[in-house]
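Novice: Quick one: the structure is below, and I'll ask about it shortly.
Chains as they are written, first to last, in my numbering: chain Z, 27 to 1059; chain W, 34 to 519.
Here you go:
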């Protein structure tokens, strides 16, 4: 304890900013210790009391350790030991003992004259008393008025995933998770669709501390994930809650629990089985000649080589995962330590992920004071796929000529690239890009918290919590010199490049709160929370690179062609929160909160924002008239509130200068400085007004449960980068303004069935969500475009439409005859009234027929229309679990429906713009009237490959995400040390039903906002097969 | 009771303990300079002034697009097969308001104006620097450089677009400005140049490459000439010769890297190929790009995108030595041997090529572009004299240029009209390939004869169209405001 204090004081001296509150915390903790001893001695003066002992067992007659035994109405109690025994002294006759334990029904027993009271607790099949973690507190499921989806730790552990965010996929209605195939890469999570054209990432809160993501957690350390979806749950996070909140609670030990050791291990393999159909060497040479009149004349084109470049870049990757956890507790403390290791080779060559995690959670009770801490340390190393020439490995694999060999020892670097000007040189050897040199990111994350809670007087608690989050990321890349063809013109670089980029970020967050919770007249339940929070985040970046002209042996920076840049960022926030929860006998529930936040991201005029919310609920099933119904639960609830989004980057409101201009004067390169752009000191929060109505129901003792939700959100003052008039002449050609509005609404439904009686038990759960967004306003801007591909933008935002819809020409088959061409392209396109009719003569039979939407007799940019919507109509998930005696089986299916994908790979496969390898579909191209109505002639009009519906496909899919079969042989072991042993086999992504022609229909916007639903040849998700063991001692 | 006091105290802590920390919310960007704290030192002022020049080096102006656009429009160039359609449209006059090159010209000039305004608008801050640190003369000189550059960019704009948005100072808001009448633009240009001509240093006392007194006076004269204010123009031009400028005895010295900034040079666009490959395809003039694409693009031995037209070649008098310095023809010699013009063309460009020192061009030519040279001034003086003084005075200026070139003096006793024709001829030959002729033809109003045979449409092509990108971003300029014919 002393050490801890020193640590805090040390912090206060270096971090002046926190000094006052921290000192107070320490003083208060000291005060708390003092008063706790006082009150214990006072209780000894009670008279005429009994000493009660007893044993608590479950309905299988096994002793239950860790059961809380409390004397009702006074703060006095005990906990059962390992054998389920308890002892409690000084109990007055007539008092009531309350026995409670997690997962068990609570039981009350009146104290008569007997001094031994044995109790049997039934397991709690009803989830109504389940404690739900919410922002800055917890509630019983009964009292919840907001929209919260919960995923329990067992569900997460049952699906072996590399990172915790992947485990959320398909589990919660209204939560869309898009995974990437690359090992160690994060998922794109969207809660209730999109509400802004800016940053739509949810807020992550781990054990009460706002953090930057959950990729560094070991999924096996997670006890539960609660997703907060509406204003009544997210408004407590004020300025940061508008994209929803993901609350993660990590596992801890239990008080009076004997030391419990669990060990999990699995090993498996992952692979990608999907392929595009590409031309082989013979087909390629025929295609080159017939479509482009090119004969690649180098010797290798006739050497009989037939390289399948897709097979060269995909591999079977091995993966393994081990984790060990140790938990337990004494009378006044509990702890849990865990360590995990995971190693995953990617299904693409040269990709790998390795992670070490350590976690330590513990809690202590000292009289009226509680302390607790959490600490997570994670090291991970990611070797991601490389980009060559701005093109994905998949694009290179598609375009590389099949007659080329992969390797050639005669070439510097040892690889072979295109070696004749006949094959256009875009395609680089994808194996060389992946394997030559290295590019590894090492990340370290240390995140922890410490809190102290003191019950000042009965029902009134003061809590102070400090959270720390440190992250560093080091990218080290080394790319040696290479020459993919020593004889001809090809890809070569005669020097090595060394890159070392470092990012470090540290965040400190301090929360102080007072919580008053009291029940009056047995029915009026009040809870009042007052809270203040401040956080400070610093990030620094150092990027350095150099080259080496003389050697590939040294992977270190030098003066040779060096370039360095450093940057730093700081974000500070403060906030206050007041929240009142009231319910009348858990029947009528009311909740209101008000948060006031300030951030350094905005100028002084708009720094503060107010975020109120109110919610109400009616537990209809608690009404007398429902007593005889089959409804074990029926609750109607509704909420309204305003939440904010400050995810706009630091310092955007300031006007800054740019010194990156150079002009040679008098033989020297002189730097020039000017205003970078127009700042906007009036920048303010994006605000989302959220409305939610929900209905929860449970039938037949919660055998059937479900809920329905409707939400209607409207985001205003959205930050948009308005394009400044070209003539204003600023280098930064846009200004950030709060002008946009977007509305989002949707339904969510969850239905579950649970039968846990008898030898055969089973349960199933189905969830479904819809979300539709529409742009209401863009201010004076007519449209925003993005998603650049081959010089043109694919995606667009305009009023009245969904965000980021695809915009382009609409294909209507192929022109078969000149008459068909003339029927469409009849306009005199030069617009000069000179009596000469100038037609769009580049378009001929065999070219793509586009619809002339404005009917002006020519096809141009004015004929573009909406050609696709990247947002699904529905997202859904289905899980089913079956158990028969020692066998268990679980299935997990997820999917989306109604979304479109813009498949840029199709441009490479069927575009026929220049000679590269292509898909076999080019063999069926148009070669004369009636030959094809889908693939145009080769080398046709440039318009054929314009952004158009030709490349848009339905992205709906249903995927068997996971199937697991397990066998538990604990009983057969008859071991005293092993309490559980389960073996299982599991397969992931085994079956995907989709009409999408690409390798994986699960497409996120991994790089840019406007890239929603654009497939740029991303790393597909592999199928994986796993064998695992779970062991408890 | 103690405890209740404590509770009250704790509540107060929670509600008030951060109030003193609101200062922590006032952050400034540690990565970027702030305008509030700038213009405190001489290097800062100088840096802001330097920035005003950089847009000249934009790929959208002299690094690449300008020579194609202007030489093509004047039909001095015709295009070979390889010529990018984006440039070919300036030969056949098919460009419209969607042209990226028209947009680039507009964009780069306004970017330059913005950077110049950053200096001019902060004149008060500059003047607050102690005189001992920065002398009043140098303060005025720095502002003068910015005013010269603003005038230079505005003159490029007003001659090609007519009425344009006027930005007399720093822009504080993002509102679009309507087109201001070109008379107002000229007022600003003239007042800037008048001010610059008094505050700028002479060529002898200024760093090589910066705007000088001579440049400001020459440009002011040219502006008057464009307004047909011949006497005012002549008065300015007369001051230029007094500043020590003269014709370089060797004509070709004006177009070679080794002889940049000679006696004839008044204002040059600076290029430098010391660091090879420091060319840039970037359009925004940021970063480090100091070399021109011209050698590679025009070179007969390189990309050979364009070749000199017969109309231009035939303009040269027989025996004019400038022909062999302006063009290469098959059989000429260059450093790599004997010239062989490909594609059966009569000639390829020699002016501004590096073939006298390199056997091939790369995409980073270091030859400065001689934007204002004394021969141009002399010929403009001739034009003025022909209008307001005498034909014989005009003939004197023309003959000065001809004598340096090594061609005989023009006949004596020409009428005003004949003298004008002689000046037209002389400018076409002397200044061939220097992006001057198209502007000359337009101001003379004789495009339909000079450009006969081309697709030039009178009443339309005198001006460029306002680019689409301006109309879509500026609520005060729309298609109804477009220049005639577009």
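Cβ atoms here follow ideal geometry from the backbone N, Cα and C, with glycine treated the same way. Computed from a predicted model, the values in this text were never measured in an experiment.
Once the 5 residues before and after residue 84 of chain W are set aside, which same chain residues still bring their CB inside 6 Å of it?
Specialist: So the list reads 148, once near-sequence residues are dropped.
Novice: Would residue 874 of chain Z pass as a contact of residue 840 of chain Z if the rule is Cβ separation under 9 Å?
Specialist: Cβ distance < 9 Å, so residue 874 of chain Z and residue 840 of chain Z count as in contact.
Novice: Taking beta-carbon pairs under 8 Å, can you tell me which members of the region 394 to 408 of chain Z lie near chain W?
Specialist: If the cut-off is 8 Å between Cβ atoms, the region 394 to 408 of chain Z has nothing near chain W.
Novice: Closest by CA to residue 488 of chain Z, which one among Z/542, Z/240, Z/495, Z/494?
Specialist: Out of Z/542, Z/240, Z/495, Z/494, Z/542 has the C-alpha closest to the C-alpha of residue 488 of chain Z.
Novice: For residue 193 of chain Z and residue 180 of chain Z, I'd like the C-alpha separation in whole angstroms.
Specialist: Residue 193 of chain Z and residue 180 of chain Z: Cα-Cα distance of roughly 11 Å.
Novice: Which bits of chain Z does residue 98 of chain W rub up against, with CB to CB less than 9 Å?
Specialist: What residue 98 of chain W touches in chain Z: nothing, since even the nearest Cβ is about 16 Å away.
Novice: Hey, out of Z/417, Z/226, Z/409, Z/471, whose CA is closest to residue 454 of chain Z's CA?
Specialist: The shortest C-alpha separation from residue 454 of chain Z is found at Z/417.
Novice: Would you be able to state if there are at least three C-beta pairs under 8 Å between the region 523 to 538 of chain Z and the region 566 to 573 of chain Z?
Specialist: Yes, the region 566 to 573 of chain Z is in contact with the region 523 to 538 of chain Z.
Novice: For residue 843 of chain Z, which residues of its own chain have a beta-carbon under 8 Å away from its beta-carbon, when the five flanking residues on both sides are left out?
Specialist: The residues are 871, 955.
Novice: Could you tell me which chain W residues have their CB closer than 7 Å to the CB of residue 884 of chain Z, listed as they occur along the chain?
Specialist: Neighbours of residue 884 of chain Z on chain W: none; closest Cβ ~14 Å, over 7 Å.
Novice: Can you pull the DSSP bridge partners for residue 979 of chain Z?
Specialist: Note: residue 979 of chain Z sits in a beta bridge opposite Z/927.
Novice: Just the chain Z side, please: which residues come within less than 7 Å of residue 148 of chain W by C-beta, in chain order?
Specialist: Under the 7 Å cutoff, chain Z gives 700.
Novice: In its own chain, which residues sit with a C-beta less than 8 Å from the C-beta of residue 375 of chain Z, not counting the 5 before and 5 after it?
Specialist: Closer than 8 Å at Cβ, skipping near neighbours: 338, 339, 340, 341, 457, 460, 461.
Novice: Alpha carbon to alpha carbon, how far is residue 789 of chain Z from residue 783 of chain Z? Give it in angstroms, no decimals.
Specialist: For residue 783 of chain Z and residue 789 of chain Z, the distance between alpha carbons rounds to 11 Å.
Novice: Thinking C-alpha only, which one of W/402, W/464, W/429, W/278 is nearest residue 414 of chain W?
Specialist: Considering only alpha carbons, the answer is W/429.
Novice: Would residue 193 of chain W pass as an interface residue toward chain Z - the criterion being a Cβ-Cβ separation below 9 Å?
Specialist: No, residue 193 of chain W does not count as interfacial toward chain Z.
Novice: Could you give the distance in angstroms between the alpha-carbon of residue 65 of chain Z and the alpha-carbon of residue 645 of chain Z?
Specialist: Interpretation of residue 65 of chain Z is limited by its pLDDT of 38, a score under 50 that renders its predicted location unreliable; the figure taken from the coordinates is listed afterwards. When rounded, the distance between both Cα atoms is 39 Å.
Novice: To the nearest angstrom, how far is the alpha carbon of residue 1053 of chain Z from that of residue 792 of chain Z?
Specialist: Residue 1053 of chain Z and residue 792 of chain Z: Cα-Cα distance of roughly 27 Å.
Novice: So which residues of chain Z does residue 106 of chain W contact, with C-beta pairs closer than 8 Å?
Specialist: What residue 106 of chain W touches in chain Z: nothing, since even the nearest Cβ is about 17 Å away.
Novice: To the nearest angstrom, how far is the alpha carbon of residue 952 of chain Z from that of residue 307 of chain Z?
Specialist: Whole-angstrom Cα-Cα distance: 21 Å.
Novice: If we define contact as Cβ-Cβ less than 9 Å, is residue 140 of chain W a contact residue for chain Z?
Specialist: Closer than 9 Å to some Cβ of chain Z, the Cβ of residue 140 of chain W qualifies, so yes.
Novice: So which residues of chain W does residue 817 of chain Z contact, with C-beta pairs closer than 9 Å?
Specialist: The contacting residues do not exist; residue 817 of chain Z stays about 11 Å from chain W at best.
Novice: Whole angstroms are fine: how far does the CA of residue 763 of chain Z sit from the CA of residue 222 of chain Z?
Specialist: Spanning the two alpha carbons is a distance of roughly 13 Å.
Novice: From the DSSP output, read off the bridge partner residues of residue 994 of chain Z.
Specialist: Residue 994 of chain Z is bridged to Z/1008.
Novice: With 16 as the cutoff for other CB atoms within 10 Å, does residue 322 of chain Z come out buried or exposed?
Specialist: By the neighbour-count rule (16 or more Cβ atoms within 10 Å), residue 322 of chain Z is buried.
Novice: Rounded to whole angstroms, what is the Cα-Cα separation between residue 892 of chain Z and residue 937 of chain Z?
Specialist: The alpha-carbon atoms of residue 892 of chain Z and residue 937 of chain Z are separated by roughly 21 Å.
Novice: Should residue 735 of chain Z be labelled buried (16 or more other beta-carbon atoms within 10 Å of its own) or exposed?
Specialist: Buried: at least 16 other Cβ atoms inside 10 Å.
Novice: To the nearest angstrom, how far is the alpha carbon of residue 81 of chain W from that of residue 243 of chain W?
Specialist: Taking the straight line from one Cα to the other gives about 13 Å.
Novice: From the beta carbon of residue 85 of chain W, is the nearest beta carbon of chain Z less than 9 Å away?
Specialist: It does; some Cβ of chain Z falls within 9 Å.
Novice: Given 8 Å as the limit, is there contact between the region 86 to 93 of chain Z and the region 278 to 295 of chain Z, that is, 3 or more CB pairs closer than that?
Specialist: At 8 Å Cβ cutoff, the stretches touch.
Novice: Scan the region 615 to 651 of chain Z and note each continuous alpha helix (DSSP H) run of 4 residues or more that stays entirely inside, going in chain order.
Specialist: The qualifying runs do not exist here; there are none.
Novice: At the level of alpha carbons, what is the spacing between residue 240 of chain Z and residue 195 of chain Z?
Specialist: Using only the alpha carbons, I get a separation of about 14 Å.
Novice: Identify each residue in the region 673 to 696 of chain Z for which the Cβ-Cβ distance to at least one residue of chain W is less than 8 Å, and report them in chain order.
Specialist: Per Cβ criterion, the list reads 676, 677, 680, 681, 682, 683, 684, 685, 686, 687, 688, 689, 690, 691, 692, 693, 695, 696.
Novice: Locate the alpha helix (DSSP H) running through residue 398 of chain Z, then write down its first and last residues.
Specialist: Premise fails: residue 398 of chain Z lies in the beta strand (DSSP E), 395 to 409, not in any alpha helix (DSSP H).
Novice: Name the residues in the region 232 to 248 of chain W whose C-beta lies less than 7 Å from a C-beta of chain Z; which are they?
Specialist: For the region 232 to 248 of chain W, which is checked against every Cβ of chain Z, the residues closer than 7 Å are 240, 241, 242, 243.
Novice: Of all the CB atoms in chain Z, is at least one closer than 9 Å to the CB of residue 59 of chain W?
Specialist: It does; some Cβ of chain Z falls within 9 Å.
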